[in-house]
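The next block holds one structure in the form of structure tokens; read it before the comments.
Protein chains: 2
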Amino acid sequence: MKAEIIAVGTELLLGQIVNSNAQFLSIELAALGIDVYFQTVVGDNSIRLQEAIEIAKGRADLILFTGGIGPTEDDLTKEALAATLGRGLYIDQMAMDHVDRFFSDRGVPMTENNRKQALVIDDSAPLPNETGLAVGLAISHEGKYYVVLPGPPREMKPMFTDKAKPWLQQNALTDEMTLYSKMLKFAGIGESLLEDNLIDLIHGQNDPTIAPYAKEGEVTVRISTKAPSYSEAMLKLDALEEQIRSILPEHLYASVDVPLEKIIVDWMADAGLTVSCAESCTGGLLMGSITGIPGSSSMFMGGIVCYSNEMKQKLLNVPREYLEGPDAPGAVSREVAEVLAEQVRLTADTDFGLSITGVAGPGDSERKPAGLVYIGLAERNGKTEVFELKLKGNRENIRIRSVKAILYRLWRRLVERNIEAPPEGAGL
Amino acid sequence: MKAEIIAVGTELLLGQIVNSNAQFLSIELAALGIDVYFQTVVGDNSIRLQEAIEIAKGRADLILFTGGIGPTEDDLTKEALAATLGRGLYIDQMAMDHVDRFFSDRGVPMTENNRKQALVIDDSAPLPNETGLAVGLAISHEGKYYVVLPGPPREMKPMFTDKAKPWLQQNALTDEMTLYSKMLKFAGIGESLLEDNLIDLIHGQNDPTIAPYAKEGEVTVRISTKAPSYSEAMLKLDALEEQIRSILPEHLYASVDVPLEKIIVDWMADAGLTVSCAESCTGGLLMGSITGIPGSSSMFMGGIVCYSNEMKQKLLNVPREYLEGPDAPGAVSREVAEVLAEQVRLTADTDFGLSITGVAGPGDSERKPAGLVYIGLAERNGKTEVFELKLKGNRENIRIRSVKAILYRLWRRLVERNIEAPPEGAGL
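Top to bottom, those sequences are chains A and B.
Numbering-wise, the working numbering puts 240 at position 240 of the first sequence, and it's gapless, one number per residue.
So the working numbering is basically just the index in the second sequence, starting at one, shifted up by 1000.
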């Protein structure tokens, strides 16, 4: 099956945003065994959009649209598609109720233009929008398939995954050999070192395929095979996973696409273990990533962002002589990372205490280079370890990598302690 | 002049990379006053690429290509363009010398396939590649313009800026006007309410144009005009900005593209004011966003993530009777938000104290609905204000919007206090 993605929005043509929707959908469609042959971007202009649809109809079996379904006058995607297909539009009652409820919940009057967000094309399947207002739709017409999704990624992604993908699987993909994949997730190792370790495996085989890629401080390896059934695919994928695990046993933390913090949250919650954090240069990012995971409240108690030296002394008992004076190790030091981890653990009375102190940049600080970071891990009745990191990149990279590094060390400690992991897939 | 950007590369269609080249070129072309009407992505396939070129020829005056000019067999862009134009190809001697020198400098033998990288189309202007090997080209053919650039951004960007842009200015843009824009940034208001307020203005004029869009909890309005000079454009843009400001004086926080936290950090650092935070449901996100801004260490002292009720009591003196018992207001309440803001301000001894406590979801908590959030703002020698939010969306949306909401309230307080803002553009 050949697909085309049409992203609608003048902001894309002006370069105000990058077309990350096309990337997301391309990855998802590849995983379904659908070949994307073209991606098109067109502005909020009905004539040019209709021209783009005509061209796509001539060269694709499945056309996915993102954007142009909001409340404003230049949101035209559904209207243009309906015109091209020669179909009508109507207000879907459930979608309208969803929009009405949004405004009445807020006690704000709904303006008339918002009714547009409940429009669907005749005889299409409405795709509810759980994270926004505009309803999407899927439709089969003269042997071709059309899926209309919102533009904002936080609305588009869940609508595709939870609504459009099942619709495609039921209506459009009934007799294709399906591509099955597993995502192997790695921490504590960079992309090139990981690839070095797997290079013989990557070159030695074509099925399953092995594709590593790096993203936001983690490395993912996608292994894929086409098969007539799930169980046949899994036989091949599981065997390859075991081979890879035997090469990198200390870094492979999951075989589903979840971030490391989710594995840790579920594991600790299940085992009844707790953690607290003291952050300096990361300023809350570590705690923000842990609390981004639903259920974290049963294992994460809280913590302290000790950005200033006064806060380090006052709330975490860092001795003044560590911080001040010509011979002091300074705020960015092994000594301070150790005190921070131990003191936050004591204050919050948790099983583990994590700390991060470093120079996030830009520019050096206290005669220490940007990218020098110390991370500490304290444990109730256990040893405190401190690790030195020398990180590359800009301020944001350094902060994110510091967070991933201490999460990796905590995960390793859980592994070493032989703490029983929750059943595979629990909470996923 | 109408332009189309054609990015060539199967890796884009697989979602392995995002099409950042199209974004870069769109911004650059807009700045030259050229309207990009379409962006197309096509794989490394000669037939489909030639089809895409035929379509683009029918709807654009200028076509820019990126990618597909390397040494491998599936690099086909120049060949496909030459075939479409009915022209021949030859090895450009300067480009060939550049490739030869690269290999001889490294003492590595040049493989034959690298000769491809010196190919240009008959009667085109070769565009030297200062940061890579493959030569680009620009050509005028039957009243249309074609520019071929490499795929890797670190080769494409300098080649466009230093070689292709001057070629376009000399050959294609002899009498165009330049497009100038301003980005107006709004906080504390949603996209549709903002548009309602500006609808008469939007409909009442064509020049400058007014384009609102929403992104991650903020709304941006781009105002643009074509003019022969910067100063003439700014006369029009400044006048429109003042009109818009008079309609929404409480929400327009900047006329450059910066996040609200940057405005606040620079303003408070300049005024010598300090802040601290107590976060419950956002778990560090607020502090993470403030400390993401370089220079935040002079105004942000630190704070406390009081995720558990014990931490709220122990570190922030929330009375037990607020948290426990059948008639207690509970952790998600006006009362607790007030105590958190005031106590963290006292603990950190800062000018302002911010607090967030709410239900981020998924699911309700303590018989309170997901999305119910209280934010508090305390001030040294000033009043403490608490605001109730009823937010929609998933856990991540609710957390991000809570952060934006308290940042907006802090910004409003700085405005109300008539604190002198740093000079326009300082620190930007």
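Glycine included, C-beta positions come from ideal geometry on N, C-alpha and C.
Item	Value
Could you tell me if the beta carbon of residue 1280 (chain B) falls within a distance shorter than 7 Å of some heavy atom in the ligand PLP?	Inclusion of the ligand PLP in the displayed structure is not the case, the ligand content being empty and no account of it being possible.
Please decide whether residue 1364 (chain B) counts as near chain A, where near means a Cβ-Cβ distance under 8 Å.	no
Check whether the stretch 1040 to 1050 of chain B and the stretch 1007 to 1020 of chain B touch, using three or more Cβ-Cβ pairs below 8 Å as the test.	yes
On the DSSP letters alone, give me the boundaries of the beta strand (DSSP E) that residue 1036 (chain B) sits inside.	1035 to 1042
Can you tell me where the beta strand (DSSP E) holding residue 1300 (chain B) begins and where it ends?	1300 to 1305
Where does the unbroken beta strand (DSSP E) through residue 1391 (chain B) begin, and where does it stop?	Careful: residue 1391 (chain B) lies outside any beta strand (DSSP E) and carries neither H nor E.
Along chain A, in chain order, which residues have C-beta atoms closer than 7 Å to that of residue 1393 (chain B)?	131
How is the beta strand (DSSP E) around residue 466 (chain A) delimited, first residue to last?	In this structure chain A extends from 1 to 428, so residue 466 (chain A) is not present and cannot be described.
Could you name the residues that DSSP lists as bridge partners for residue 1376 (chain B)?	B:1355, B:1386
If contact means a Cβ-Cβ distance below 7 Å, which residues of the stretch 1347 to 1373 of chain B contact chain A?	1348, 1362
Residue 363 (chain A) to residue 378 (chain A), Cα distance in whole Å?	30 Å
Mind checking the stretch 1037 to 1062 of chain B against chain A and listing, in chain order, the residues whose C-beta falls within less than 7 Å of any C-beta there?	1037, 1038, 1039, 1040, 1041, 1042, 1043, 1048, 1055
Are the beta-carbon atoms of residue 1410 (chain B) and residue 1390 (chain B) separated by less than 8 Å?	no
From which residue to which residue does the beta strand (DSSP E) around residue 1003 (chain B) run?	1002 to 1008
Sort B:1112, B:1233, B:1025, B:1271 by Cα distance to residue 1153 (chain B) and report the nearest one.	B:1025
Report yes or no: is there a C-beta of chain B within less than 8 Å of the C-beta of residue 239 (chain A)?	no
With DSSP run on the structure shown, which of helix, strand or coil describes residue 1276 (chain B)?	strand
Per DSSP, which residues does residue 224 (chain A) bridge with? Please list them.	A:181, A:209
Just how far apart, CA to CA, sit residue 356 (chain A) and residue 338 (chain A)?	9 Å
Grab me the residues of residue 1087 (chain B)'s own chain with a C-beta within less than 6 Å of its C-beta, minus the 5 sequence neighbours each way, in chain order.	1121, 1122
Which chain A residues are close to residue 1019 (chain B), counting only those with a beta carbon under 8 Å from its beta carbon?	18, 19, 22, 23, 39
Does DSSP classify residue 1189 (chain B) as helix, strand or coil?	coil
Just the chain B side, please: which residues come within less than 7 Å of residue 105 (chain A) by C-beta, in chain order?	1390
Ends of the alpha helix (DSSP H) at residue 1140 (chain B)?	Taken as a continuous stretch (DSSP letters only), residue 1140 (chain B) belongs to no alpha helix (DSSP H), being part of the beta strand (DSSP E) at 1136 to 1141.
Would you say residue 114 (chain A) lies against chain B (beta-carbon separation less than 8 Å)?	yes
Taking only the alpha-carbon atoms, compute the straight-line gap between residue 2 (chain A) and residue 236 (chain A) and give it to the nearest angstrom.	26 Å
Using DSSP with H/G/I as helix, E/B as strand and the rest coil, what is residue 421 (chain A)?	coil
Along the beta strand (DSSP E) that carries residue 119 (chain A), what are the first and last residues, could you check?	119 to 121
Please identify, using Cβ separations under 8 Å, the residues of the stretch 139 to 168 of chain A that lie next to chain B, in order along the chain.	152, 154, 158
In three-state DSSP terms, what is residue 1428 (chain B)?	At residue 1428 (chain B), the pLDDT of 43 sits below 50, so the modelled position is not reliable; the number obtained from the coordinates is stated separately. Correct three-state label for residue 1428 (chain B): coil.
Are the C-beta atoms of residue 1067 (chain B) and some chain A residue less than 8 Å apart?	no
Just how far apart, CA to CA, sit residue 1166 (chain B) and residue 241 (chain A)?	52 Å
Give the DSSP-derived three-state secondary structure of residue 60 (chain A) in the structure shown.	coil
Could you name the residues of the same chain whose beta carbon sits closer than 8 Å to that of residue 1173 (chain B), not counting the 5 residues immediately before and after it, in chain order?	1001, 1032, 1033, 1034
Less than 6 Å between C-beta atoms, sequence neighbours within five positions excluded: which residues of the same chain meet that for residue 245 (chain A)?	252
Thinking C-alpha only, which one of A:284, A:298, A:249, A:230 is nearest residue 272 (chain A)?	A:298
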